[in-house]
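Heads up: the structure comes next, in structure tokens.
There are 6 protein chains.
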Amino acid sequence: MKKIVTLGEIMLRLSTNVGERLSQVDQLTMHYGGAEANVGVSLSQFGFDVYFVSKVPDNVLGKAVERHLLSNGVHTEYLVKGGERLGTYYLETGIGERSATVTYDRKHSSFSTLTVEELDLEAILHGAEVFHMSGITLALSSGLRDLALLAMKKAKELGVKTSFDFNYRASLWSQQEASGAIKPLLPYTDICFCGELDAVYLLDIQQADNHLSKSEKLKYYYNEIQKQYPNIQVMSSTFRTVLSASNNKLQGNHYVEGKLYQSKEHHISQIVDRVGGGDAFASGVLYGIVEKLPPEQVISFATAASALKHTVHGDANAFSPEEVFKFAGNNPGEILR
Amino acid sequence: MKKIVTLGEIMLRLSTNVGERLSQVDQLTMHYGGAEANVGVSLSQFGFDVYFVSKVPDNVLGKAVERHLLSNGVHTEYLVKGGERLGTYYLETGIGERSATVTYDRKHSSFSTLTVEELDLEAILHGAEVFHMSGITLALSSGLRDLALLAMKKAKELGVKTSFDFNYRASLWSQQEASGAIKPLLPYTDICFCGELDAVYLLDIQQADNHLSKSEKLKYYYNEIQKQYPNIQVMSSTFRTVLSASNNKLQGNHYVEGKLYQSKEHHISQIVDRVGGGDAFASGVLYGIVEKLPPEQVISFATAASALKHTVHGDANAFSPEEVFKFAGNNPGEILR
Amino acid sequence: MKKIVTLGEIMLRLSTNVGERLSQVDQLTMHYGGAEANVGVSLSQFGFDVYFVSKVPDNVLGKAVERHLLSNGVHTEYLVKGGERLGTYYLETGIGERSATVTYDRKHSSFSTLTVEELDLEAILHGAEVFHMSGITLALSSGLRDLALLAMKKAKELGVKTSFDFNYRASLWSQQEASGAIKPLLPYTDICFCGELDAVYLLDIQQADNHLSKSEKLKYYYNEIQKQYPNIQVMSSTFRTVLSASNNKLQGNHYVEGKLYQSKEHHISQIVDRVGGGDAFASGVLYGIVEKLPPEQVISFATAASALKHTVHGDANAFSPEEVFKFAGNNPGEILR
Amino acid sequence: MKKIVTLGEIMLRLSTNVGERLSQVDQLTMHYGGAEANVGVSLSQFGFDVYFVSKVPDNVLGKAVERHLLSNGVHTEYLVKGGERLGTYYLETGIGERSATVTYDRKHSSFSTLTVEELDLEAILHGAEVFHMSGITLALSSGLRDLALLAMKKAKELGVKTSFDFNYRASLWSQQEASGAIKPLLPYTDICFCGELDAVYLLDIQQADNHLSKSEKLKYYYNEIQKQYPNIQVMSSTFRTVLSASNNKLQGNHYVEGKLYQSKEHHISQIVDRVGGGDAFASGVLYGIVEKLPPEQVISFATAASALKHTVHGDANAFSPEEVFKFAGNNPGEILR
Amino acid sequence: MKKIVTLGEIMLRLSTNVGERLSQVDQLTMHYGGAEANVGVSLSQFGFDVYFVSKVPDNVLGKAVERHLLSNGVHTEYLVKGGERLGTYYLETGIGERSATVTYDRKHSSFSTLTVEELDLEAILHGAEVFHMSGITLALSSGLRDLALLAMKKAKELGVKTSFDFNYRASLWSQQEASGAIKPLLPYTDICFCGELDAVYLLDIQQADNHLSKSEKLKYYYNEIQKQYPNIQVMSSTFRTVLSASNNKLQGNHYVEGKLYQSKEHHISQIVDRVGGGDAFASGVLYGIVEKLPPEQVISFATAASALKHTVHGDANAFSPEEVFKFAGNNPGEILR
Amino acid sequence: MKKIVTLGEIMLRLSTNVGERLSQVDQLTMHYGGAEANVGVSLSQFGFDVYFVSKVPDNVLGKAVERHLLSNGVHTEYLVKGGERLGTYYLETGIGERSATVTYDRKHSSFSTLTVEELDLEAILHGAEVFHMSGITLALSSGLRDLALLAMKKAKELGVKTSFDFNYRASLWSQQEASGAIKPLLPYTDICFCGELDAVYLLDIQQADNHLSKSEKLKYYYNEIQKQYPNIQVMSSTFRTVLSASNNKLQGNHYVEGKLYQSKEHHISQIVDRVGGGDAFASGVLYGIVEKLPPEQVISFATAASALKHTVHGDANAFSPEEVFKFAGNNPGEILR
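Line order of the protein sequences matches chains A, B, C, D, E and F.
Heads up, the first sequence is in full-length UniProt numbering, so the first residue is 1 and it goes up one at a time.
Heads up, the second sequence is in full-length UniProt numbering, so the first residue is 1 and it goes up one at a time.
Heads up, the third sequence is in full-length UniProt numbering, so the first residue is 1 and it goes up one at a time.
Heads up, the fourth sequence is in full-length UniProt numbering, so the first residue is 1 and it goes up one at a time.
Heads up, the fifth sequence is in full-length UniProt numbering, so the first residue is 1 and it goes up one at a time.
Heads up, the sixth sequence is in full-length UniProt numbering, so the first residue is 1 and it goes up one at a time.
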């Protein structure tokens, strides 16, 4: 089995049921997730040997995180135990016109105190096909920014493909801070998940001509990014049209060797849980790349994986490649007996 | 904080989950609500000092009503304890093409025995900005009809703005009875919630010209009502298009000084709970009036408040003005992190 | 009350909630159902004296099946107790683009061992208006094929109207097997539920001219079938357009005396549970026939019954004729107070 | 199958889970029950052909009562539909030292308006082995008192054994009222469920000598009652020692032909639900009498049935005679595989 | 109504159901509690005008705390909004021999940053009968220690009775730290909740003679404490015998004017939730003192209140004085109809 | 980490909540378990590298089993996929005097078709410390009896300690069949879990002298067994006194080198779930042996592990050695903060 390594924070998510306000309920549903953990879980379900690198407290919640990862077949050897607490967030589920609302309680988390001394990067990355991380990690502490850079460099040194997802969150840091932290990583990045806003606001690329279509604009931005960082071989992102909290359209974009490949547009109605949709997409792209699918199939698979994610509760997908392929190909909604 | 007084019945609602028939289930969900209680709860969440006047039995259900009101910050000093029972209704939740079904068990309720002797109207209304009640109260007993008239008169006497919502329910009384009971209150009404059907069937106004648009018709009816009751300063209502039990369109109308202001049309899909949507609308109008918002904002706020109500379980909204404004302004459905 | 007899398997269904994967949950919801049992339950709710003939194990699950039937007023005198186990299936509920998935665990069921010796067909069918069964029974064992043929013959002999629903399931047997088993029953069939695919693949009828409309094609097939089996007096089926797992369109077809009657097209959104939709339709047709409704009403009633079924959990409808008529006639989705 | 008839009120019970206060919860569990309905359900599970005579509203709650009875095999031909409402009560479940609390909302119930004109007593009682009712019915209206007397007389006339359970509830009426209503029925009673308090306070029997043991006292009272009403052939009751709401001791008493038979004392710990324990006992006695068990077995069976009832939620037992016999004989608590 | 003020932290509690391990579940039950908040809730239910002083974050969890307090009638005017997060703890419920386990996630809480500048102590304490706080507050920050001392002094200055509960928690601080922080408060304390261990380990009182009974020892310690702090008028505590997590014995002690009053010993079996039992006791003592009950009644009431608390989920009691008196007097476990 | 191998069936368990009858509920709780799987899960939680060998169907239920094992850290490399179905059983939970009832639906299971050809015993057992299995496996098919014998022999050949638990179930086979199948394995057994009934009825050992105490008798039987099978080094079992389904006493016995070591007697009240208690005990013994604890500690640890199991839902323990040691040593029931 092929080895994959992802590094990032994993949090406890506590969410309400549909139609409930957090201030009024007395039951919460628990999930565990975080961008890179979600990618790890998906890739493990896709049949890879996934190692998730993180830090969680040495208590029952750390134990719970471990069970979550193990149940999905993710290796937990590099889950450091220590620090004060598990990052937590509360999700008031959205529906129809009403948006979901996230309340973070993630400060002072164990992960934010993770340092390079606690990890043997050489051993962790040795023999891996891909190392994946996201910009969220950079936002959490300067120690993590140092660690991230070292890890990306070490990966390149060991011949491991590197994957970086911008994942910009305005609630965590400013565009200026993000830009300053992300740029140093890009020269070590092979696969990059970013979109128009990232290009313009974090990489300072000049806005595209307004007469261009949405797809042409994206292609222009990807061209520009590649000019600056010719090492980046693949760029990917989705176009999401939010009709309501329950009803989105989603199309995948995949840029390889100067060409932009696009999936069909999925119409995702009656969304069950949108959190982790982007991570499912990234997992699909990485699966396609590692399995050397042609680009058309990569983006069709990745977008289907993301659309599927919207139909299940929790941050991470647990669908097999066969299920994703079937979903990508089938008529939607027929009972499978 | 500004004082508001509402008077009416509050009932126990026992409802099934989606997709369940009442005759087959063994679990019910409890909510407490009633038109004027719902308006009180909303207005309390909007920051007013709300006093709800009613009568509930002196038992654990009366206590439960009290907790419901208190948890929403509504004052319960004028919640009389006594009588035989709490009015109750059973709700079989609708979905898609299937309508919700209400089974009333509200006869002989404590509220229906409330008399003017049990209340100190002077003290209750003193210093209030608004006194609000609805036509449902009039349908419940002749004692309540007497009480209602006295209360409206007393409010006017004390300089309190009066608000009356027709809220006609065919299952409670005939049009003729309703007409006879409602008309005596109108000369004491400042703010009135009523629509085309009320105008034609309860106030005997001649039908509008069929060539007029829906909005023009409404304006015509409001003009005619104001001719009869020039004391009425504001009239409001919604246009609701029921595509299915789960899918409605909703537009708010607000008539002030001869002009009709209309909100944008909300498309409310995947409705969680429609009960109380009209009360949330009335609350929004009253908020706007007390806070002296311009009419365009009043109706935009009120309609947004009503649309929001459809996204939560229970009879009453517990959203802050900030949340309503944000909802009214935002793109629908984006995750708020 | 008019007597109806249905014969078939009844299974335990264990299903997940929406948005859950079967491999991850720790709670399942139980329902009991099977094509002919569902028809029996519906017809009992429609006011008939229904006898369901089947075999279930002599243990607590057999007892549970009995309670399910009794609670719906179905007679259980002819529920044979014995055999090894109750057929079971697991349903991973679908939503949006993701289809529901059925995992069968029905082999070695008690019903598959039912033999003609265990039943007194004479007594069972005596005085009945209708005897109904489906092709699923034929797929389960050769003993059941023998039993089915004998039962159909005996019904005809006793002047009981016979009803047969093709209900072809590719997961149970091949088209060739099905064709071989079904054809011998058709000469004894009065009312037949089948569609285009059944005509072409199971009855070897030549494909209709491609220029014909969907409805014209169906009429052609029904004509052809009736040429082969002139004893068949009525044929019925639905056109279902699957927009997604949650969103279907449904139109009913009813062929009597060479004429095709069609219902309006129902738009079934936010589907709660599609399983048993076809059985609800068949029940509606049988109700209409027994109650001698005109064909337009038969098909309107039957399609409404099927659409209603989609709004409730479980395999079988428990709506009264009054509720179905109201649903067929009403504007969809208005609250009924 | 032997025919049994019971007559009485059946109510909706809404109860909290253990450890919850009714004023704080938002979910209630539904059960349906009433003394005579519970006896009917038990006897149906014991294999008799039970007819329950009552009146429920013609709405979804009446329908729900019907399903409850049908699911237990009880015949509902004599369930009159009409009146205003279903009697309801709320149960705050007790535990440990804290008692359960019942809040009644049963006034104005459909049953309380049942009259003899609505029933064909001749047909109802024809061919029955036993007719059973309780003192609760007498407390509900004068019409019911008339009906009860007529029914008892008619039963005697038709050679049906009559059974009467005192079931005195202080919250429903005074001792004096109860005494006046119960005495006229006793000359028509064959089997009587009553205890020491009934003898002293309702039948004015002189208190037993204080030196006697509890059992000797009971025997004395039964002797005295039989002197007054020599027609009463059997008297039964239980001794219950309430150690806590969760922990009771229970011993059955059975008086036949001047002899008192007693069961072993059951130690009922971790009580799940005590409501209906007395009805389960009465059912056990009636089963024993109809099945002509020897008195030792009657009282052992009846007390075991009552003890079993304490281990399940809901008002009524659904155990087969085999299960009761096994329970009566077995070591408590071993897993049965 | 008499005014009471309590000051302390209120936390979110997330707990598992009985028989579940936190690392394996996906649902948690929410409660809000903290020693002084619990006392506040109880006293509000006892009919006092309770003001709870604390600090919670200005987000949805702060809002939820507010609703919890309001629903119990506690005033929230002095609930400061600000700081980073709501203190949280996870409770793995115990049963039988297995203890409950608490996992704290309370560091960096909003309350720990509360300072005297954020409060108007004069206004808060003005007119109050009692000011109550506990040693937990002292353990949370040095700012809180300063605040506590000022508040106690101000209370004395304003003629408010002061109440202090030692509430020593080894997981929060050492005995030495606790001793150093508590002693300065004692000269300003009127009513003191402490026991043998507090006397010996925190107040350095010499161990009692081992020949003394448990009660005599406690009396000796109380005597010694009063010698050092003659201002303390009342001391109270409970003797708890832990037979298992589900089965405790509890006796209350109340020391006034040199005399020790003791309640009967409650046998608390099938404990639902022990958290907050001590706070319920303190509330009972304070109720008795404010209502000027004789000492025997004070301690009987307080111990009954504590025993009652063990029968309900959540940190705080919501029983009325009538319910507590009834419970204190009644035979345990009889159904109250 | 030390390697352990267990081989056996793992089943889906579907259970009711306390106080519910299986024939009346519509929700079931899922657990996965089987004697050897449970031992595997416990030992994995105790820190060993556990491999569970079994066969499950290649469908979603097989997948669910895999997740269950993985979440507990058990290796699933040797979980063969294939066969028809997953063995299933239904558990009606017992309480108080009422026993739990198990309804098996395990025939035709995938595991019962497992053959030696599907396994590479050499690789599976290589390097293991212990190989554990139970008599249940022998009862399921003759193929499994062959496989078991080969596996035991291969283990001995490779120097792996072998452990065998009699686990006799009367519902699966007769004593005679069991005796014939078990005896051939004993010459290859190092550690044996068996008791008095096994000795007398399966190994034909003469009954012990009736004057001996229970412990002396057990020692006599162990002596006799060891005479016949001198290779058996360790024998263990528990004395269980069933006071009720909720209340047991449990004492562990451990026989090493002719000496019988006994644990203290645990009083297990308010039992949550007794299933798997014996497997937890076996796991504790194996832990002690592998970790070379002195015999007194082995039996104290093992009995504590078993007692702990009774406090959690599900078939298998997920407690760490630290938690078991703490539990074995602590006063029962104190809150651990």
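Note that the Cβ used here is the ideal one computed from N, Cα and C, for glycine as well.
Predicted model, so just to flag it, every value in this text is computed and none were measured.
The residue from GLN233/A, THR303/A, ASN231/A with its alpha-carbon nearest to that of GLU265/A is THR303/A. Of all residues in the stretch 252-281 of chain E, only HIS266, HIS267, ILE268, SER269, GLN270, ILE271, VAL272, ASP273 come within less than 8 angstroms of chain D when Cβ atoms are compared, listed by chain position. C-alpha of TYR221/E to C-alpha of GLY73/A: approximately 59 angstroms in a straight line. Annotation: Cβ neighbours of GLY73/F in chain A (cutoff 9 angstroms, chain order): GLU66, ARG67, LEU70, THR76. Straight across, the Cα-Cα distance linking GLY34/E with VAL275/E is about 10 angstroms.
Between GLY135/D and LEU114/D, the C-beta gap is not smaller than 8 angstroms, which leaves the two residues out of contact.
Taking 8 angstroms as the cut-off, the beta carbon of THR311/B is found closer than this to the beta carbon of GLY96/A. The continuous beta strand (DSSP E) containing THR103/B extends over residues 101-105. Within the stretch 108-172 of chain F, the runs of alpha helix (DSSP H) that reach at least 4 residues and sit entirely inside it are, in chain order, 121-125, 135-140, 142-157. In the assembly as shown, ALA170/C is an exposed residue. Its beta-carbon has fewer than 16 other beta-carbons within 10 Å. Here THR29/B is bridged, per DSSP, to SER15/B, GLN27/D.
Looking at the DSSP output, LYS227/D bridges to nothing. Between SER54/E and ILE4/E the beta-carbon gap is near 14 angstroms, outside 8 angstroms, which marks them as no contact. In the three-state reduction of the DSSP assignment, GLY180/C falls in the helix class, which pools H, G and I. For GLY252/D, the secondary structure class from DSSP, reduced to helix, strand or coil, is strand. If you draw a straight line from the Cα of ASN38/F to the Cα of PRO294/D, it is about 48 angstroms long.
Under the 8 angstroms criterion on CB atoms, THR16/D is classed as non-interfacial with respect to chain F. Contact of GLN207/C with chain A by beta-carbon distance below 9 angstroms is absent, the smallest such distance being about 21 angstroms. Residues of the same chain with a CB within less than 6 angstroms of the CB of LEU172/A, apart from the 5 flanking positions on each side, are ALA139 in chain order. In the structure shown, THR76/D adopts coil according to DSSP, grouped into three states.
By the Cβ test, the stretch 227-239 of chain A is in contact with the stretch 177-187 of chain A, since at least three Cβ pairs between them sit closer than 8 angstroms. Every unbroken stretch of the alpha helix (DSSP H) spanning 4 or more residues and falling wholly within the stretch 231-305 of chain C is given here in chain order: 277-290.
Collapsing the DSSP output to three states places LEU91/A in a strand. Taking CB atoms only, HIS126/C has no neighbour in chain F less than 8 angstroms away. Taking a cut-off of 8 angstroms for Cβ pairs, the stretch 114-133 of chain D and the stretch 157-168 of chain D touch, as three or more such pairs fall below it. Taken in chain order, the members of the stretch 80-92 of chain C whose beta-carbon sits within less than 8 angstroms of a beta-carbon on chain F are GLU84, ARG85, LEU86, THR88, TYR90, GLU92.
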